[in-house]
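Q: One structure follows; several queries about it will come next.
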Amino acid sequence: MEMQHVLSADQFSRSDLNHILSRSAEMEEILKKGGSKICDGRILGALFYEPSTRTRLSFETAMMRLGGNVVSETDVNFSSITKGEVIEDTIRMVGGYTDIIAIRTKTKGQANIAAQYSPVPVMNGGDGAGEHPTQSLLDLYTIAKHHRIGDEPLKVAFVGDLKYGRTVHSLAKVLRHFDGVELSFVAPEVIQMPTEYTQAGDNVSYDLSSEILQNSDVIYDTRMQQERFEDMEKFREVRDSFIFTPEIVGQMKSSAILMHPLPRVNEIKQSVDAMPQAKYFEQAQNGVPVRMALIAELLKA
Ligand code: NCD
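If you use my numbering, the sequence shown corresponds to residues 11 to 311, in order.
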């Protein structure tokens, strides 16, 4: 598989996705044996200019489990960006210090700019309300562990903030490669899926109907992205639109899975966590082997 950077879910072919799934499964086995040394002496630069726990720490853990090292910049206030440095300059420098970069930015499209100036591979760890391609791969990996994706009909419902939530943008693109996948977008109108990510044949609704609840194989819930709303009044109007309680989740099929990229705020009650459908912590755990696979591919290790 030829891959220079990971910038958008658009870049993956079906065979790339299959390859990443199988390399991730291999990495999961390697992890069980304590990791490997294939990235010995290599350094990951993690530049995170928006809050992050899972994405940054799983990128860093992935590099360390491959035997590599990590340098991080996690607070934009302590970064030269605050002195007025442009991303192009930062990336040139960090690309000179490290072998691979993971970057999260506040603005859509900045990972692409970073890649243009970087002498080393760049992985987009989330660009504003744009995309989150590495998350979509761990999401795909999680779905593939529970369902025979591409071989039989699969109903996937995205619920929550589909406008500003970048994970759903990338995952919708990835899932379109698989036959039999039917996508439903459930969100209030003001935060519905932008049309650049929808296609004829998708189901769009403003309420979580019992039909979607009872028939979906995957429900992918998301957080209302408060920080991206321009109008706080609109945020307050929609923030409690969908709350997953044990009663609601109990209506899902027993084979169905409830996913969420995390962090959750109040949209999934903690009392749901022990239910068999709840897979969001397992999903977050999958970030490590999937990011190990991506780092190894990009570094040709
Ligand atoms: C998501 C993100 O940052 O886009 N989190 C993550 O990376 N797992 C989702 C969110 O912040 O709501």
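Yeah, the Cβ is synthetic: ideal placement off N, Cα and C, and Gly gets one too. Predicted, not measured: the structure shown is a model, and the values here were computed from it.
Just the Cα atoms here: how many angstroms apart are leucine 31 and lysine 43?
A: Here the question's residue 31 lines up with position 21 in the sequence shown. Here the question's residue 43 lines up with position 33 in the sequence shown. About 19 angstroms.
Q: Glycine 136: beta carbon under 6 angstroms from a heavy atom of the ligand NCD?
A: Counted from its first residue, the sequence shown places residue 136 at position 126. Because some heavy atom of the ligand NCD lies under 6 angstroms away, the Cβ of glycine 136 counts as near it: yes.
Q: Go through its chain and collect everything with a Cβ distance to glycine 140's Cβ below 6 angstroms, but skip five positions before and after it.
A: Reading the sequence shown from its first residue, position 130 is the one you call residue 140. Result list for glycine 140: Lys118 and Arg176, in chain order.
Q: Under the three-state reduction of DSSP, which class applies to alanine 266: helix, strand or coil?
A: Along the sequence shown, read from residue 1 onward, the residue named residue 266 stands at position 256. If DSSP states are grouped into helix, strand and coil, alanine 266 belongs with coil.
Q: When we look at the beta-carbon of asparagine 276 and count the other beta-carbons within 10 Å, is it buried (16 or more) or exposed?
A: The residue given as residue 276 occupies position 266 in the sequence shown. It counts as exposed.
Q: For glutamate 192, tell me which candidate among Lys289, Ala182, Ser281 and Glu206 has the shortest Cα-Cα distance.
A: Sequence index remark: in the sequence shown, residue 192 carries index 182 (1-based). When each option's Cα is compared against that of glutamate 192, the closest is Ala182.
Q: Does the ligand NCD have even one heavy atom less than 6 angstroms from the beta-carbon of histidine 179?
A: Mapped onto the sequence shown, residue 179 falls at position 169. No, the beta carbon of histidine 179 sits no closer than 6 angstroms to any heavy atom of the ligand NCD.
Q: By a C-beta neighbour count over all protein chains shown, 10 Å radius and 16 as the cutoff for buried, is lysine 93 buried or exposed?
A: For the purposes of this step, residue 93 is taken as residue 83 along the sequence shown, with counting starting at 1. Per the 10 Å Cβ criterion, exposed.
Q: Just checking, does the segment 280–300 make contact with the segment 198–217 on the three C-beta pairs under 8 angstroms criterion?
A: The segment 280–300 vs the segment 198–217: no contact.
Q: Can you give me the Cβ contacts of asparagine 225 inside the same chain, cut-off strictly under 8 angstroms, excluding the 5 residues immediately before and after it?
A: The count along the sequence shown starts at 1 and reaches residue 225 at position 215. Correct list, in chain order: Lys165 and Lys263.
Q: For phenylalanine 252, I'd like the list of residues in its chain whose CB is within less than 8 angstroms of its CB, leaving aside the five on either flank, ordered along the chain.
A: Indexing the sequence shown from 1 puts residue 252 at position 242. The answer, listed in chain order, is Val169, Gly170, Val196, Leu218, Asp231 and Glu277.
Q: Expressed to the nearest angstrom, what Euclidean distance is found between the alpha-carbon atoms of glutamate 240 and arginine 249?
A: Against the sequence shown, residue 240 aligns to sequence position 230. Against the sequence shown, residue 249 aligns to sequence position 239. Those two C-alpha atoms are separated by around 14 angstroms.
Q: Consult DSSP for aspartate 99 and reduce its assignment to one of helix, strand or coil.
A: Numbered from its first residue, the sequence shown carries residue 99 at position 89. Looking at aspartate 99 - three-state DSSP - the assignment turns out to be helix.
Q: Cα-Cα, which of Leu185, Ser215, His142 and Thr144 is closest to arginine 158?
A: Locating residue 158 in the sequence shown gives position 148, where the first residue counts as 1. Measuring from the Cα of arginine 158, the nearest candidate turns out to be Leu185.
Q: Where does the unbroken beta strand (DSSP E) through valine 4 begin, and where does it stop?
A: Residue 4 is absent from the model: the chain starts at 11 and stops at 311.
Q: Tell me whether the beta-carbon of alanine 124 lies closer than 7 angstroms to the beta-carbon of isoleucine 113.
A: Indexing the sequence shown from 1 puts residue 124 at position 114. Indexing the sequence shown from 1 puts residue 113 at position 103. In contact: alanine 124 and isoleucine 113 (Cβ atoms closer than 7 angstroms).
Q: Tell me glutamate 192's beta-bridge partners as DSSP assigns them.
A: Counting from 1 along the sequence shown, the entry for residue 192 is found at position 182. For glutamate 192, which the question treats as bridged, DSSP gives the partners Lys165.
Q: Kindly indicate the opening and closing residues of the beta strand (DSSP E) around arginine 114.
A: If you number the sequence shown from 1, residue 114 lands on position 104. 110–115 is the span of the beta strand (DSSP E), which, as asked, contains arginine 114.
Q: Using a Cβ-Cβ cut-off of 6 angstroms (strictly less than) and excluding sequence neighbours within five positions of tyrosine 174, which residues of its own chain qualify?
A: Stepping through the sequence shown from its first residue, residue 174 is reached at position 164. Same-chain partners within the cutoff: Ala139, Gln235 and Arg238.
Q: Considering only residues of the same chain and omitting the five flanking positions on each side of histidine 187, which have a CB-CB separation below 7 angstroms?
A: Against the sequence shown, residue 187 aligns to sequence position 177. Taken in chain order, the residues that qualify are Arg24 and Leu27.
Q: Return yes when the Cβ of valine 228 is within less than 7 angstroms of the Cβ of isoleucine 267, no when it is not.
A: Here the question's residue 267 lines up with position 257 in the sequence shown. Here the question's residue 228 lines up with position 218 in the sequence shown. Taking 7 angstroms as the Cβ cut-off, isoleucine 267 and valine 228 qualify as a contacting pair.
Q: From the DSSP secondary-structure annotation, give me the bridge partner or partners of isoleucine 229.
A: The residue given as residue 229 occupies position 219 in the sequence shown. In the DSSP output, where bridge partners are listed per residue, isoleucine 229 has Ala167 and Leu268.
Q: Run through the DSSP bridge pairs and tell me what phenylalanine 254 is partnered with.
A: As a working note, residue 254 is residue 244 in the sequence shown. Answer is Ile278, bridged to phenylalanine 254.
Q: Using the C-alpha atoms, what's the distance from glutamate 257 back to threonine 205?
A: As a first step, residue 205 must be located in the sequence shown, where it is residue number 195. As a first step, residue 257 must be located in the sequence shown, where it is residue number 247. In a straight line, the C-alpha of threonine 205 is about 32 angstroms away from that of glutamate 257.
Q: Are tyrosine 151 and serine 34 close, meaning C-beta to C-beta below 7 angstroms?
A: For the purposes of this step, residue 151 is taken as residue 141 along the sequence shown, with counting starting at 1. For the purposes of this step, residue 34 is taken as residue 24 along the sequence shown, with counting starting at 1. Against a cut-off of 7 angstroms, the Cβ pair of serine 34 and tyrosine 151 comes out as a contact.
Q: Using beta-carbon positions only, say whether proline 129 and glycine 105 come within less than 7 angstroms of one another.
A: If you number the sequence shown from 1, residue 129 lands on position 119. If you number the sequence shown from 1, residue 105 lands on position 95. Yes, the pair counts as a contact, with Cβ atoms nearer than the cut-off.
Q: Is the beta carbon of glutamate 162 sitting closer than 7 angstroms to the one on glycine 190?
A: Counting from 1 along the sequence shown, the entry for residue 162 is found at position 152. Counting from 1 along the sequence shown, the entry for residue 190 is found at position 180. Against a cut-off of 7 angstroms, the Cβ pair of glycine 190 and glutamate 162 comes out as a contact.
Q: For methionine 73 versus leucine 57, is the C-beta distance shorter than 7 angstroms?
A: Walking along the sequence shown from the start, residue 73 turns up at place 63. Walking along the sequence shown from the start, residue 57 turns up at place 47. Against a cut-off of 7 angstroms, the Cβ pair of leucine 57 and methionine 73 comes out as no contact.
Q: Alpha helix (DSSP H) containing asparagine 134: first to last residue?
A: Here residue 134 refers to the residue found at position 124 of the sequence shown. Element bounds for asparagine 134: not the alpha helix (DSSP H) but the beta strand (DSSP E), 132–137.
Q: Identify the continuous alpha helix (DSSP H) that holds isoleucine 30 and give its terminal residues.
A: The sequence position of residue 30 within the sequence shown is 20, counting from 1. Run containing isoleucine 30: 24–42, per the alpha helix (DSSP H) assignment.
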